[in-house]
Each structure stands twice: as C-alpha cells, then as structure tokens.
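Those sequence lines, one after another, are chains B and L.
Counting along the first sequence from 1, when you hit position 275 you're at 275 in the working numbering, and nothing is skipped either side.
Counting along the second sequence from 1, when you hit position 26 you're at 464 in the working numbering, and nothing is skipped either side.
No residue lacks a Cβ here, since even glycine has one placed at the ideal position from N, Cα and C.
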Amino acid sequence: MFRYYLKLASRSLLATPAATSLMVATIALGIGIFMAAVTVYYLMANNPIPHKSDMLHAVQLDSWDPAQSYREGRPEQAPWELTYTDAMALRESDIPRRHAAMHKVSLVVQPTREDLKPFQTEARLTDGDFFALFDIPFVYGAAWGRDADDAGQLLVVISESRNDELFGGEDSTGKTLRINDREFTVVGVSEDWNPVPKYYDVNNGAFDEPEQIFIPSGVGRELELFSSGNTNCWKDEDINSFEEFLGAECVWWQYWVELPSAVDRDAYQAFIDAYVKEQKELGRFARPLNNRITAVEEWLEVRQVVRDDNKVLIGIAFLFLVVCLFNIVGLMLTKFLGKAPQIGIRRALGASRGAVFRQQLIEVGALGAAGGLAGLGFAWLSLKGIQQLFPGFEHLARLDLTLVGIAIASAVVTTIIAGLYPAWRVCRVPPGAYLRLQ
Amino acid sequence: MEFGPIWRASLRNKTGPVLMALQIALTLAVIVNAVFIIKQRIDNITRPTGMDVENIVTVQSFGFGDDFDLQESVPEDLAALESIPGVLAVTSSQHVPLSGSGWGTELAGSSEDGAPRVNGAQYFVNADAVNAFGVALESGRAFTPEDVEYPENFGVPLSRVIMTRAYLDALFPEGGAQAGATVYDNLGNPVTVIGVLDRMHGAWVGWDKLDNVMLVPRVMPVEFNYYIVRAEPGERDRVMPQVEETLLAINDRRVVKSLRTHSDIRDSSYEGDRGMAVVLAVVVGLMAMVTGVGIVGLASFAVRQRVKQIGTRRAVGARRRDIVRYFMVENWMITTIGVAVGSVLTIAVNYWMVVSFELERLDPLYVPVGILALWLLGLLGVAGPARRASAISPAIATRTV
Numbered sequence: 001m002f003r004y005y006l007k008l009a010s011r012s013l014l015a016t017p018a019a020t021s022l023m024v025a026t027i028a029l030g031i032g033i034f035m036a037a038v039t040v041y042y043l044m045a046n047n048p049i050p051h052k053s054d055m056l057h058a059v060q061l062d063s064w065d066p067a068q069s070y071r072e073g074r075p076e077q078a079p080w081e082l083t084y085t086d087a088m089a090l091r092e093s094d095i096p097r098r099h100a101a102m103h104k105v106s107l108v109v110q111p112t113r114e115d116l117k118p119f120q121t122e123a124r125l126t127d128g129d130f131f132a133l134f135d136i137p138f139v140y141g142a143a144w145g146r147d148a149d150d151a152g153q154l155l156v157v158i159s160e161s162r163n164d165e166l167f168g169g170e171d172s173t174g175k176t177l178r179i180n181d182r183e184f185t186v187v188g189v190s191e192d193w194n195p196v197p198k199y200y201d202v203n204n205g206a207f208d209e210p211e212q213i214f215i216p217s218g219v220g221r222e223l224e225l226f227s228s229g230n231t232n233c234w235k236d237e238d239i240n241s242f243e244e245f246l247g248a249e250c251v252w253w254q255y256w257v258e259l260p261s262a263v264d265r266d267a268y269q270a271f272i273d274a275y276v277k278e279q280k281e282l283g284r285f286a287r288p289l290n291n292r293i294t295a296v297e298e299w300l301e302v303r304q305v306v307r308d309d310n311k312v313l314i315g316i317a318f319l320f321l322v323v324c325l326f327n328i329v330g331l332m333l334t335k336f337l338g339k340a341p342q343i344g345i346r347r348a349l350g351a352s353r354g355a356v357f358r359q360q361l362i363e364v365g366a367l368g369a370a371g372g373l374a375g376l377g378f379a380w381l382s383l384k385g386i387q388q389l390f391p392g393f394e395h396l397a398r399l400d401l402t403l404v405g406i407a408i409a410s411a412v413v414t415t416i417i418a419g420l421y422p423a424w425r426v427c428r429v430p431p432g433a434y435l436r437l438q
Numbered sequence: 439m440e441f442g443p444i445w446r447a448s449l450r451n452k453t454g455p456v457l458m459a460l461q462i463a464l465t466l467a468v469i470v471n472a473v474f475i476i477k478q479r480i481d482n483i484t485r486p487t488g489m490d491v492e493n494i495v496t497v498q499s500f501g502f503g504d505d506f507d508l509q510e511s512v513p514e515d516l517a518a519l520e521s522i523p524g525v526l527a528v529t530s531s532q533h534v535p536l537s538g539s540g541w542g543t544e545l546a547g548s549s550e551d552g553a554p555r556v557n558g559a560q561y562f563v564n565a566d567a568v569n570a571f572g573v574a575l576e577s578g579r580a581f582t583p584e585d586v587e588y589p590e591n592f593g594v595p596l597s598r599v600i601m602t603r604a605y606l607d608a609l610f611p612e613g614g615a616q617a618g619a620t621v622y623d624n625l626g627n628p629v630t631v632i633g634v635l636d637r638m639h640g641a642w643v644g645w646d647k648l649d650n651v652m653l654v655p656r657v658m659p660v661e662f663n664y665y666i667v668r669a670e671p672g673e674r675d676r677v678m679p680q681v682e683e684t685l686l687a688i689n690d691r692r693v694v695k696s697l698r699t700h701s702d703i704r705d706s707s708y709e710g711d712r713g714m715a716v717v718l719a720v721v722v723g724l725m726a727m728v729t730g731v732g733i734v735g736l737a738s739f740a741v742r743q744r745v746k747q748i749g750t751r752r753a754v755g756a757r758r759r760d761i762v763r764y765f766m767v768e769n770w771m772i773t774t775i776g777v778a779v780g781s782v783l784t785i786a787v788n789y790w791m792v793v794s795f796e797l798e799r800l801d802p803l804y805v806p807v808g809i810l811a812l813w814l815l816g817l818l819g820v821a822g823p824a825r826r827a828s829a830i831s832p833a834i835a836t837r838t839v
C-alpha cells in the first residue's frame, strides 16, 4: 500500500509542476536559511575535546581592584588571567595531574635556510605539560620537562607544518633554531592541531589559528618577553623594569589544570582558596574570595564564545522558517482542495478517511524530503556567502553529515506538521458531493 | 463601503485569512526588527573616524636581536619614509587605530583621591602625528620634534598630550575644558593637554569609549612599532610598496610586516557588523518575497473558491471594479489584523533581544513604516488575483448550479 501511495503522491505532485516546485522551493528556503544559521552556531558551540572536557579546567583568582569588578556588569567574574606571581605559585601544587601556565608571545624566527627571510610569528610560552594536557601528539621527540620550565632553557617545540617549512619535514630534534637572536634547540615536533573553538585561549579571537611554536615558561623571564595577548593592570604601581612588571598586579597568564575526579577538584579548590587567604594576609586580594576552576564547556559559555549576533540570527532564521511553513499550509490547502473531486470519488468507492489521510501525509512527506534536499543546496549556498562575508570563518561554515541528516529530517517533520491540517480538511470531503457533479 | 458583509463572508471560511494574518504578523516582527538592526550596524560602520583613513598606509616594524634599538631606528625610519615622493606625513605609533589592538589607559580630571577615572586609548606617536592621522586640531597646538621623548622605561610620567574633545569632556563633565587643561594619570602625576582634536577613533570599534583617544609624543623602549604613512590624495597605492622597501633597506635586523591600507584594517574590524547587516538584508528580502508569494497564493485560493459567487454578483449588476474592490478591501482587513498582532509581536521580539543580548530598544517609528510596507505588499499581492476575479464572466452563474 505504501508504494502505491508513493506512486499516487508522485503522480499528484507531477500533475501540478508549478505548485509543487513553489512548495519545494519554499520549504527549501526556510530549511536552508535555518540550517545555515544552526551550522555556524553548532560549530561555534562545539566541544573541542569531548573525551576530557570535564577534566580540563581554567583557573581564575580574583586579584582585581577592590573598587570595581574585572568586567563591568559581570561582578561575579574574576579576571580571565592570573598575575605572574600567582601563576608561578600555583605551579607548586601537585594536586592536578597536569598543569600549564601560559601566554601568547611574539617571536622573530630566523631560519637557517638561505631562501627564507626572518619572520615574526605568534608563539605560546608555556609549561611542558601543555602537550599532554591538551592531547597534542608528537611526530618526533617529546615535550620538555619541568626543569626546562624552571630554568628557562632555550628549547622549542614546533608544529609539523612549521617543521616542513623550516627543516623540510625531517626529524629536526636536536637541531638549532634561531629565535630572537638566540639559539634554541628543537626537542619535539608536534602534530598540527587546530581545535575549534581555540578553547585554551579565547582572548584575541576564539576562532583564530593556534600558535605553531612553543617555548618553556621560564624563557619569558630570561628574555624579558611580554605577552602579545592581553595584559590588564588595575593598581597604581610605578613600574620601571621588567622585574617590577613581574611583581605587579597585572593579569596576563592563563592557567589550565587537569583534574580527573570530583575529589581532585575539591582538593584543588581548597588549595587555591588557602593560597589566596594566605595572600590576603600579605595585603593582596582585597576583593571577596572568588576563585574559580571552570571546565571547558562552561568556560566557553562564560567567555561568550558564541556571539550574540549568531543567537539573534538563529531566532530570526527560525521565524523565517515558520513563515515559510504558514505559506506551505496555504499552498497545500489550495492544492489538496483542488483534488477534492478525486478524493470524493475514492471515498465513495470505499476508501476510509484514515486511508485518505495517510495518502495525503505520504504526499506531504515526499514534498518535505524534496524540500530538505533542495534546502541543503540553499544551506550550502548560504554558507558560501557567509564565508565570503567573514573571511576568518572557513572552518565554521561547512556542512557535516550530522547536519545534513538534521536538515532532511527537520524538513520532513516540519512539512508533515504543516500538512496535517490540509490533509485533515481534505479527508473530510463528503463522499457524495462530487459524484452529483459528474 | 461594504465592510460588514466582506467581514462576515471571510468568517465563513477562516483558514485562509487566519494563515495570511499570522504570516503578516510574523513578517512584520522580523522585518521591523531586522531593519532596525541593519540601520544600527550601518550607522556604526559609516560614523566618521576623524582620520584620513582612505589615504593612510600602515606597516609594522619588528626588531630582533640585542643590537636592535627601536628608539635609535625611529628617527632614521621617519626621515626615510617622509622622503618618499607622494608621502604627506609620517608618524611612528605603538598601534594602529581601528585595528582591534591597542593600549588602554585611565585618566582623571582632578588629583583628588577618588576622582572618577575615565578610560581611553593612548597612542605613543611622533612629532607629525596630527598630520599623519589627518585629524583636525580644534584648539591648541600640534606636537613639535622637541616634544618627543625617548624614555628608558615604561614608568616615566607623561608630560604633554593631545586628546579628543570627547575624552576631555568625559574628564570634565561640567564642560568647557580647553587646551591647556591639566589631567592626571593613575599615579596622580599632572599631564598638560596641549591640543584638542575634533574627533579621532581609538582601537576597539565595539567599545563604547571609542572616541576617547589620547596622543602621547614618545617612542617606547620596546622592539616593535607601527608607522602611519599618509599619502597625498590618489598616491596611496603607489606609495605602499615603497614603504616596505624603504624600511628594509635601512635595517635588516627586523621584520617588516602587516603592510596594509588603513581602510582595509577598518573594514576587517567592522567585518562582524557588515556581515550581520548583509545577512539580515538577505533574510528581509527573502521574507518579503515568501510572504508576497503567500498572499498571491491565498488570494488565488479565495478567488477560486468563489468563482460562482463572483459570477452571480456580476450577473446581478456588480461592476468589474466592485469585484476588484471587494478583494482589495478583504485583503486590507486581513492585513490590518495581521499588522495589529504583528506590532505586539514586534515589540515582544525586540524585548527578547534587549533582555538577552543587550541590543538597543526599538525606535517606535519603525513600526508604522513597517505597517505601511506590509499594507502595500498585501495590496500588490492581491492585485493580480483580484483582476483575474473581475474577469470572471457573469454567464458562469447560469452554467452549473
């Protein structure tokens, strides 16, 4: 029976090509625009490290100005970064399985290859744990150890792409790379890594490319490197040297820890609270105790990685879809009632109301499926347009298999919902009414 | 006019009119809110920056190695860049305005404890900065080469600055502050404002204090800085490649990068606003189209259902334009109900956006304009079907009963 209804549906839809294509186009537009908005949202709100996002935590200590909160209008928030003093103190704890203090830094790399000019690049100054913490595998070599961090040894890990460029892709561990006029030794080559969003540092663009050169955290002290990310100071301090800057109430270090269990989290929270209380006695941390350890997904929400504009667009795209559906209801009503004589005859020949209703719904479902497929085309076009408008969005505007499935399924479901009323109306056609006219 | 009979006739078959009214209500809500957002974004993008953005080229010089000294290299670089034919003025600058990178600062209008502080963006620039940015001096004077300082560290207090009128007024809310005023840095050191600018935009285009800008004549002891090169009108693109060549020829212990036009930098910073405006404009257009098609469809449906009644009316004496008027009036009544519901919905959608996303409250004037637009759309949509209805022959009344 299903196949017979399908045949009837296709015959009926092909009989009125103009109305059918209008309906398919309307469904496709509504679904296409809506799916494009959802796609961008879905990729922005992506969990970049699902298997351990519950274990990775960003650490915040409220060392900010007693007179005002770090963020205007968000008094519950502590600064996003830590002071140098606090970052170094937290590194002494052995509660976390791994931890990494870090900031972004601008370096000049002077390649030994004659054909490459020196270039300036953004790098990450961090602890050796960084790679294991965020699950970045190595192609060659390994991360540096804790002693290299403490001593500020001139070691470097480069990404596979950088290794291709600088060393022709060979195992470069043990080789020398000149950075800021100093000789650094390559200890490892890490796999290319591009988490979306760039959750470990969302300060200067949550969807930027990650850094591809990594140096030990202590090197900053040796070479007097400032952060090339954000540095925020609140206290009126007379800062006249790098040494004084390191001791200042300026926040510029990001801090991540791996805490596998709830017990670890409680222990760590107690540790940082105790640390801050100790510092309060020394006259620092004048604000109420507000230390936070926040897991990845919540962190991305707190940092408002998904832009408000995208949420507004989802709302508007949804209303657009609803308007398209109202439209389709009208179109289907016209079409189905146009078939009333034919239905009347079927009813007179013995078809039950339920059978007629089912038949109409199958026709509606077929329309929805066609609309969903065409909608994918519109969604793809819209995403191409979005890529044109936002050059940095290439990886935020692509369709994946899940989204394709959602698009088609939602097209079929919404069209069937839209078709319920017209189908109900038409199956109530009195069997006799149209026989008399013949 | 026969409002009563038309109204009662539509009530006989409510589905079509209800669908149409709902569609119009939603369309009004979306279009009015979207157009309001578009207007705000366009205002944002097109507000005057105070600078001669179209004629400026910017470039970053990033020194490396222990023997590179920015403070030594800046005077030499400036002289070389100024001698490029077609260059009007050059300054060094710590960052580029409108770029999204910058250096925020806090000042107060009084040295008393607890005096309110006002945030702004500061640029460490050189003698010719006013000319190089192309900003207009409202009062006071521009910097001279004697004003430019080369401090050994970050903590050396400021002495003379130029600031925007907006920043000065924010520091002295009672108004009337002029060039010569004294402001105070965060350690309470007095700073003399030697010049006031009409207007100049700072670093972050999304910041509500974008107009608070201060120029400081100094070269900081760091490795990198930018040069702001203002070309004579029409010369920018010719000057651009020479800027990079000139800098590289002077000193190769540095990386010269980010050679960009200032208009390109501004456009990148407004990418979000522009993108949002374009996306919304496309949605508004599609929405108007879909609703228009819907009105045509439902009107045609209404006509088809009433072929015989129309024929009968014509047979008993109604003129063609009576039939056209009938459908026009009917459509107008439905649209009116739609826009009435839609106005409430519009306010609700705006309220949702204000509460959830801190968007601005809707200017009420947008609602009547939207209503007019939808009335027009409705009448345009119904015109075709109504004309076809009026072409129905009176004879149809006599054919089948």
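Output yes or no for whether 7 Å exceeds the beta carbon distance between I345 (chain B) and V356 (chain B). no
In its own chain, which residues sit with a C-beta less than 6 Å from the C-beta of V413 (chain B), not counting the 5 before and 5 after it? none
Compare the C-beta of N569 (chain L) with all C-beta atoms of chain B and state if any pair is closer than 7 Å. no
Inter-stretch contact at 8 Å, needing at least 3 Cβ pairs: the segment 704 to 719 of chain L / the segment 674 to 694 of chain L: no
Below-7 Å beta-carbon distance, Q560 (chain L) vs any chain B residue: no
Residues of the segment 236 to 258 of chain B in Cβ contact with chain L at a cutoff of 7 Å, in chain order, please. D236, D238, I239, N240, S241
Work out the CA separation of V728 (chain L) and F662 (chain L) for me, nearest whole Å. 54 Å
Within 10 angstroms of the Cβ of A472 (chain L), are there 16 or more other Cβ atoms? Answer buried if so, exposed if not. buried
Three-state secondary structure (DSSP) at T784 (chain L)? helix
Quick one: grab the DSSP three-state call for V820 (chain L). helix
Does the beta carbon of P17 (chain B) sit closer than 7 Å to a beta carbon anywhere in chain L? no
Simplified DSSP assignment, three categories, for K695 (chain L): strand
Interface partners of M725 (chain L) on chain B, CB under 8 Å: F320, V323
Of the residues L:I444, L:I772, L:G776, L:L519, the one placed nearest L464 (chain L), counting alpha carbons only: L:G776
Pull up the distance between the alpha-carbon of M55 (chain B) and that of Q153 (chain B), whole angstroms please. 29 Å
E298 (chain B) versus A374 (chain B) - alpha carbon distance: 36 Å
Between T121 (chain B) and chain L, is any beta-carbon pair separated by less than 7 Å? no
Tell me which residues share the same chain as I416 (chain B) and place their Cβ nearer than 7 Å to its Cβ, disregarding the 5 neighbours each side in the sequence. L361, V364, G365, G368
Given this structure, state the Cα-to-Cα distance separating G168 (chain B) from L177 (chain B), to the nearest angstrom. 13 Å
Is Y588 (chain L) helix, strand or coil by DSSP? coil
Answer yes or no: do L457 (chain L) and V329 (chain B) have a C-beta to C-beta separation smaller than 7 Å? yes
Check whether the Cβ atoms of A101 (chain B) and Y255 (chain B) sit closer than 7 Å, and answer yes or no. yes
Got a sec? Which residues, its chain only, sit under 8 Å from H395 (chain B) by beta carbon, not counting five neighbours each side? L43, N194, V196, F207
Which runs of the alpha helix (DSSP H) spanning at least 4 residues fall entirely within the segment 485 to 569 of chain L, listed in chain order? 508 to 520
Given that a residue counts as buried once 16 or more other Cβ atoms are within 10 Å of its Cβ, and exposed if not, what is L166 (chain B)? buried
Answer yes or no: does any C-beta atom of chain C fall closer than 7 Å to that of E709 (chain L)? Within the model displayed, chain C is absent; protein chains B and L are what it includes.
Whole-angstrom Cβ separation of D86 (chain B) and L125 (chain B), contact assumed at under 8 Å? Actually they do not touch by this definition, with Cβ atoms about 16 Å apart.
Find the residues of chain B that neighbour N591 (chain L), judging by a C-beta separation of less than 7 Å, and give them in chain order. N240, S241
Using three-state DSSP, classify E798 (chain L) as helix, strand or coil. coil
Return yes when the Cβ of M678 (chain L) is within less than 7 Å of the Cβ of V495 (chain L), no when it is not. yes
R347 (chain B): buried (16+ other C-beta within 10 angstroms of its C-beta) or exposed? buried
What does V693 (chain L) reach in chain B if we use C-beta pairs closer than 7 Å? V108, P118, F119, Q120
Thinking C-alpha only, which one of L:I666, L:G749, L:D760 is nearest N493 (chain L)? L:I666
Report buried or exposed for P96 (chain B), applying the criterion of at least 16 other Cβ atoms within 10 angstroms of its Cβ. buried
What does the alpha-carbon distance come out to for the pair L596 (chain L) and Y561 (chain L)? 12 Å
Below 8 Å, can you find three or more Cβ-Cβ pairs linking the segment 209 to 229 of chain B to the segment 30 to 50 of chain B? no
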